[in-house]
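J.: Listed in order, the protein sequences are those of chains P and U.
If you want our numbering, it's the 1-based position in the first sequence plus 1162.
If you want our numbering, it's the 1-based position in the second sequence plus 159.
This structure is in structure tokens; I'll ask about it shortly.
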Amino acid sequence: MGYAMTTSSLDGIMEQLECADALDGLQTASEALRNHYQIDHLVYHWVSSSGQQYGCGTYCPDWVARYLDAGYLRIDPVIVGCYQRFHPVDWKRLDWSSKAARAFQKDALEHGVGNQGYSIPIRGPNGQFALFTINHSCHDEAWAEFTESNRRQLILLAHAFNQKALELEPERSPMAAQALSPREVDAMTLLAVGYSRAQVADTLSISENTLRVYIESARHKLGALNTTHAVAKAISRGVIVV
Amino acid sequence: MIRYLYADQLSQFPHLARAMFRDRADQFKTRLGWEVAVDGAGEERDAYDDLNPLYVIWEKPCGGHGGSMRLLPTLGRTMVNDHFAHLTDGVRIESPLIWECTRFCLARDAAPGTAAALMLAGGEILRGFGVEHYVGVFDARMVRIYRHIGASPDILGSQGSGRNRISVGLWDFSPRAQARVAARAGISPELSKLWFERAFGRDVAMRKNRAA
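What follows is the structure, given as structure tokens:
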């Protein structure tokens, strides 16, 4: 399998991720995103409620093997600090003080893991848990600037990865496609025909803030990264007609 | 002080946790007459407390519970989507950028500024975690309180009237609103930040990437 990612634009990467029909697609997307952001590593790691693990990403195979052999899942401060949580975490804020954590960190660095990390935990259905991580080697200031300016996009990407992984789960029962409510359809339709947000809000007799939330909900359900993309998908899927 | 505690951390603060669930019973059952379940110990809990939510709690100087609220991501089960979709034009509000805030509760003897302190903490979370909005259910009594602290929500929809009016609201925080709430709470932005960092860790320099 394996096909070359032909585009490095975020929209292109997302499109290919969406079309993926095997876990290979997640691997390809993680490599493309790593290149897009010009960072050392990008990793997606999931643990099902029954303890089954699946991972993809750009860590070197030696490190992945080492991680599994040494049972680092129980020591890794990123796992320990993110499990059962739903807020994104900069690795600097985790507890690396124990002897085991320090030894783990040293080992990781020696295997090419960068000194900076940012992980987004995801709680899926039925106790599923996943982590989407970006990793790099740089100074604190540069890292803070990078995560701050890309955080929103990274959160959306993390959930796009998880959505795809859930779709591809072998024994998964088919989920009903996320339908938009009539109100969301109205909002997307008016945007598609070129209304400004103020005009849409006015037409629907709702505040612009309320409209923002309706659009954001529709964006999520359509699996898009931004409003423009969401409108395009709504049209191409026939969800809205203009 | 403000404490940020996930449900699985409450056992480290048993006294505070019990007081929170009792004050919730007092507010929602005794004072508001909502149909909520109160257990033999006088504590109010519902199914959403079992989803390991994040509680934001105002701990009084004596260690007691002054007020609290409960946060959950809208990608999981939420009260708004499960029970109040008829108040949101039928829109299921789901996004990793929107969290639900419910069970906003003030103890009977809460000091002035408690509600504002909780809102201020809500703002820390938005800023710190990249959340853009809160959506939540609240009662008529809270309308005045939110207005007083300078954090009135946009109302998506309401049912009932007078004291029994229940609404679904939407909050976002501009830096200006955050400054207004901080002034109401009488808490400096530095102190607020310190409490947040105490809960979620402060930045410590990472070791530089070097072999051995």
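C-beta atoms are modelled at their ideal positions from N, C-alpha and C, and glycine is treated no differently.
1) Could you check whether the segment 1297-1311 of chain P touches the segment 224-237 of chain U, counting it as contact only if at least three pairs of C-beta atoms, one from each stretch, sit closer than 8 Å?
2) Can you say whether Ser351/U is buried or exposed, counting buried as having 16 or more other CB atoms within 10 angstroms of its CB?
3) How many angstroms separate the CA atom of Asp167/U from the CA atom of Tyr1199/P?
4) Anything in chain A within Cβ reach of Phe288/U, meaning under 8 Å, just list it in chain order.
5) Less than 6 Å between C-beta atoms, sequence neighbours within five positions excluded: which residues of the same chain meet that for Gly282/U?
6) Could you give the DSSP three-state label for His1203/P: helix, strand or coil?
7) Per DSSP, what are the beta-bridge partners of Glu1370/P in this structure?
8) Which one of Ile1402/P, Ala1394/P, Cys1218/P and Gly1174/P has the shortest CA to CA distance from Thr1295/P?
9) Give the single residue among Leu1328/P, Leu1318/P, Ser1343/P and Ser1369/P whose Cα lies nearest to the Cα of Thr1389/P.
10) Count the other CB atoms, across all protein chains shown, that sit within 10 Å of the CB of Gln1325/P; report buried if there are 16 or more and exposed otherwise.
11) Do you know how far the Cα of Arg361/U is from the Cα of Tyr1165/P?
12) In whole angstroms, give me the CA-to-CA distance for Ala1355/P and Asp248/U.
13) Could you list which residues in chain P have their beta carbon closer than 7 Å to that of Ser254/U, in chain order?
14) Under 8 Å between beta-carbons, which chain P residues line up against Pro232/U? List them in chain order, please.
15) Determine the direct distance from the alpha carbon of Asp298/U to that of Thr189/U, and round the result to whole angstroms.
16) Using a cut-off of 7 Å between C-beta atoms, extract the partners of Asn1388/P located in chain U.
17) Closer than 7 Å by C-beta to His174/U: which residues in its own chain qualify, once you throw out the five before and the five after it? Chain order, please.
18) When you compare only the Cα positions, how much space is there between Ser1369/P and Ala1363/P?
19) Looking at Ala275/U: is its Cβ nearer than 8 Å to the Cβ of Ala344/U?
20) So what does DSSP say about Pro1239/P, is it helix, strand or coil?
21) Label Thr1190/P either buried or exposed according to how many other C-beta atoms from any shown protein chain fall within 10 Å of its C-beta, with 16 as the threshold for buried.
22) Look at the Cβ atom of Ala1292/P, then the Cβ atom of His1207/P, and state whether they are nearer than 8 Å.
23) Pull out every residue of the segment 287-315 of chain U whose Cβ sits closer than 8 Å to any Cβ of chain P, in chain order.
24) Taking Leu1256/P as the query, report the chain U residues whose CB atoms sit under 8 Å from its CB, ordered along the chain.
25) Can the beta-carbon of Gly316/U be found less than 8 Å from the beta-carbon of Leu246/U?
26) Is Ala1182/P helix, strand or coil when you go by DSSP?
27) Can you check which of these residues, Gly1279/P, Gln1361/P, Leu1384/P and Arg1345/P, is closest to Gly1243/P by C-alpha distance?
28) Between Ala1232/P and the rest of its own chain, which residues show a CB-CB distance below 6 Å, the 5 nearest in sequence each way excluded?
29) By DSSP, does Met1167/P sit in helix, in strand, or in coil?
30) Ends of the alpha helix (DSSP H) at Val327/U?
31) Give me the Cα-Cα distance between Asn1277/P and Arg162/U, rounded to the nearest whole angstrom.
32) Just the Cα atoms here: how many angstroms apart are Thr261/U and Ala1194/P?
33) Nearest CA to the CA of Asn1371/P: which residue from Ile346/U, Ile314/U and Gln318/U?
34) Which residues in chain U sit within 7 Å of Glu1331/P, going by Cβ to Cβ distance?
35) For Lys1268/P, which option in Arg1247/P, Gly1286/P and Asp1238/P has the closest C-alpha, if you only look at C-alpha atoms?
36) Consult DSSP for His1321/P and reduce its assignment to one of helix, strand or coil.
T.: Looking at the coordinates:
1) With the cut-off at 8 Å, the segment 1297-1311 of chain P and the segment 224-237 of chain U do not touch.
2) buried
3) Distance between the alpha carbons of Asp167/U and Tyr1199/P: 35 Å.
4) Included in the structure are the protein chains P and U, with no chain A among them.
5) Phe332 and Gln337
6) When DSSP states are grouped into helix, strand and coil, His1203/P belongs to the strand group.
7) For Glu1370/P, which the question treats as bridged, DSSP gives no partner whatsoever.
8) Per the Cα distances, Cys1218/P.
9) Leu1318/P
10) buried
11) Its pLDDT being 43, under 50, Tyr1165/P is placed unreliably by the model, and nothing is read from it.
12) Note that residue 1355/P corresponds to Val in the displayed sequence, not to Ala. The alpha-carbon atoms of Val1355/P and Asp248/U are separated by roughly 22 Å.
13) Listed along the chain, the chain P residues whose CB falls inside 7 Å of the CB of Ser254/U are Glu1378, Ser1379 and His1382.
14) Phe1248 and Arg1285
15) 14 Å
16) Within chain U, no residue comes near Asn1388/P; the closest Cβ sits about 12 Å away, beyond 7 Å.
17) So the list reads Gly222, once near-sequence residues are dropped.
18) 6 Å
19) It is a contact, given that the beta carbons lie within the stated cut-off.
20) helix
21) buried
22) Yes.
23) Gly287, Phe288, Gly289, Glu291, His292, Val294, Asp313 and Leu315
24) Gly360
25) yes
26) coil
27) The alpha carbon of Gly1243/P has as its nearest neighbour, out of Gly1279/P, Gln1361/P, Leu1384/P and Arg1345/P, the alpha carbon of Gly1279/P.
28) none
29) Note that Met1167/P has pLDDT 46, beneath the 50 cutoff, so the model's placement of it is unreliable and no number is given.
30) From DSSP, Val327/U is part of no alpha helix (DSSP H) but of the beta strand (DSSP E) over Ile325 to Trp330.
31) 30 Å
32) 39 Å
33) Ile314/U
34) None at all; the shortest Cβ gap to chain U is about 17 Å.
35) Among Arg1247/P, Gly1286/P and Asp1238/P, the Cα nearest to that of Lys1268/P belongs to Asp1238/P.
36) helix
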